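Take the sequence shown: its letters are residues -18 to -1, 1 to 285, numbered as in mature numbering (1 follows the signal peptide of the UniProt record, and there is no 0). Glycine residues also receive a C-beta, built at the ideal position from the N, C-alpha and C atoms. A quick note: this is a predicted structure, and the numbers were derived from the prediction, not measured. Below you'll find the structure, written out as structure tokens, and then a few comments.
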Amino acid sequence: MKCVLLMVLIVTAINCKAAEIAFELSGVHVRDFALSSKGDDLYVTMESISKDASQIISLQKTGKQWSKPMIASFSGQFKDLEPFLHPNGLQLYFASNRNAAQNASTDHFDIWMTERASLNQPWGDPVKLNTMINTDEGDEFYPSVASNGNLYFTATKADGLGKEDIYVSRLVDGQYTQAEILPAAINSPTYEFNAYIAPDESMLIFSSYGRADDMGGGDLYISHKVDGVWQPAKNMGGQVNSKQLDYCPYYDEINGILYWTSNQSKLKNLPSIERDFYQWFKLMTSGENGLSKVYQMPIKLSL
């Protein structure tokens, strides 16, 4: 059974039920999930219904209490989304449509990074990653970083296997190398996107749309690396995936919890209810109503 995260993405799983511990973000898409290794620093994306606007939201936890959500210090002017924290907590990567000078928006997305000197310090000015990663030929999306700094991301490139593919740029002597497309065990002639890489690069979870075993709008797949070789990716099945789009995975290895975004909807074939406005309004504005929401499920994913 899926554990539904309805109320700003932070829940305690008790018998697969979500327990609210923060305010509700209603009427917008809520997606992405970046959590610090200590579980006290959280970043998500809040996106408009039309997807014309998106900002990165931050929350901090003191004791058992979460702060009120705020727009992250490095976000708020452009379309920012898909935050990811380096396992050390000192670098945060994200996608943005801002230009290099950060004074205007562009017609495509690149990957940016912001740093802080310590976990208690504020984030610095974002920096656009180099041309080994970002190009002018298409979009670069959804950064995910291993402990050694290797960066996995989604891109649309001429050398791709499909419509969208997953690439890796390795960090060597402090510099990112030319991005390499991941093998056919991961990528296919269809769409592969939004990958989560384990800190030790032993596991990759990503979304794909258009495969023969796709349950509907795009599913989560998983691959493990054995003796340095990625194994053929497998669909994560009906406990995780739905008939709608399932994407933006994040795995909390310490607590064994999978977080992901889903556009699940149960508004079709509703049971007959009284013609009461407030009942219908509640049905359409909460729960699985087709808007992006973040879900969680305790699950063991290691080899």
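Given residue i, which residues of its chain have a CB within under 6 Å of its CB, disregarding the five upstream and five downstream residues?
i: Lys248; result: Glu270
i: Ile179; result: Ser126, Ala128, Tyr134 and Leu186
i: Lys61; result: Ser36 and Asn79
i: Asp201; result: Asn217, Asn223 and Asp228
i: Ser268; result: none
i: Leu63; result: Thr27, Ser36 and Ala77
i: Ile239; result: Gln278 and Pro280
i: Gly156; result: none
i: Phe175; result: Thr136, Glu146 and Ser189
With DSSP run on the structure shown, which of helix, strand or coil describes residue i?
i: Gln73; result: strand
i: Phe60; result: coil
i: Thr267; result: helix
i: Trp105; result: coil
i: Gln221; result: coil
i: Gly261; result: One point to set straight first is that residue 261 is Gln, not Gly, in the sequence displayed. The answer is helix: DSSP assigns Gln261 an H, G or I state.
i: Ser32; result: coil
i: Lys110; result: strand
i: Val26; result: strand
i: Pro214; result: coil
i: Asp196; result: coil
i: Gln226; result: coil
i: Glu183; result: coil
i: Lys46; result: coil
i: Leu164; result: coil
i: Asp118; result: coil
i: Ile204; result: strand
i: His68; result: coil
Among the residues of its own chain, which have a CB less than 8 Å from the CB of residue i, if the five just before and after it don't count?
i: Asn132; result: Val150, Ser151, Arg152, Leu153, Ile179 and Glu183
i: Ser87; result: Phe60, Lys61, Asn79, Arg80 and Asn81
i: Thr117; result: Ala137 and Lys139
i: Val10; result: Met28, Glu29, Ser30, Ile31 and Leu273
If we ignore side chains and look at the alpha-carbon of each, how far apart do residue i and residue j end up?
i: Tyr173; j: His90; result: 18 Å
i: Tyr124; j: Gly106; result: 20 Å
i: Phe76; j: Asp258; result: 43 Å
i: Phe56; j: Val12; result: 18 Å
i: Leu273; j: Met266; result: 10 Å
i: Ala82; j: Val109; result: 8 Å
i: His68; j: Gln261; result: 43 Å
i: Trp94; j: Gly210; result: 28 Å
i: Ile3; j: Gln213; result: Below a pLDDT of 50, predicted positions are generally treated as unreliable, and Ile3, at 31, falls in that range; the measurement from the model is reported next regardless. Using only the alpha carbons, I get a separation of about 38 Å.
i: Leu72; j: Ser170; result: 34 Å
i: Gly45; j: Asn70; result: 20 Å
i: Ile115; j: Asp92; result: 8 Å
i: Ala140; j: Lys264; result: 46 Å
i: Ala54; j: Thr138; result: 28 Å
i: Asn101; j: Pro51; result: A small correction: the amino acid at residue 101 is Leu; Asn does not occupy that position in the sequence shown. The straight-line gap from Cα to Cα measures roughly 18 Å.
i: Phe188; j: Ser18; result: 20 Å
i: Glu119; j: Leu164; result: 19 Å
i: Val276; j: Tyr241; result: 7 Å
i: Gln47; j: Gln160; result: 43 Å
i: Lys20; j: Leu74; result: 15 Å
i: Glu122; j: Asn237; result: 30 Å
Assuming residue i and residue j are in contact, meaning their beta carbons sit under 8 Å apart, how far apart are those beta carbons, in whole angstroms?
i: Ile204; j: Leu283; result: 7 Å
i: Ala177; j: Ile148; result: 5 Å
i: Ser112; j: Tyr158; result: A small correction: the amino acid at residue 112 is Asn; Ser does not occupy that position in the sequence shown. Asn112 to Tyr158, Cβ: 6 Å. Contact.
Please name the residue in the options whose C-alpha comes closest to that of residue i.
i: Ser190; options: Ile168, Ile38, His206 and Asp258; result: Ile168
i: Met279; options: Thr27, Glu235 and Tyr260; result: Glu235
i: Ser224; options: Lys216, His206 and Thr243; result: Thr243
i: Asp34; options: Gln59, Lys20 and Phe15; result: Gln59
i: Ile31; options: Asn237, Asn245, Trp262 and Val208; result: Asn245
i: Gly198; options: Val208, Trp94, Tyr229 and Gln213; result: Tyr229
i: Pro65; options: Leu24, Gln103 and Val208; result: Leu24
i: Asp22; options: Glu29, Asp14 and Ser40; result: Ser40
i: Asp196; options: Gly220, Pro181 and Lys207; result: Gly220
i: Lys250; options: Leu240, Ile239 and Gln226; result: Gln226
i: Pro231; options: Val208, Ile281 and Ile163; result: Ile281
i: Arg193; options: Lys145, Ala99 and Gly120; result: Lys145
i: Phe15; options: Tyr233, Gln160 and Glu162; result: Tyr233
i: Pro181; options: Gly156, Phe175, Ala161 and Lys207; result: Lys207
i: Asn38; options: Ala161, Tyr277 and Thr96; result: For the sequence presented, residue 38 should be read as Ile rather than Asn. Here the closest residue by C-alpha is Thr96.
Spatial neighbours of residue i within its chain, please: C-beta separation below 7 Å, excluding the five flanking residues on both sides.
i: Ala215; result: Ala167, Ile168, Tyr203, Ile204 and Ser205
i: Ser49; result: Leu41 and Gln42
i: Arg98; result: Leu72, Pro104, Trp105 and Gly106
i: Glu162; result: Tyr149 and Val150
The ligand GDP and residue i: does any heavy atom of the ligand fall closer than 7 Å to the residue's C-beta?
i: Met114; result: Among the components of this structure there are no ligands whatsoever, and the ligand GDP is therefore not found.
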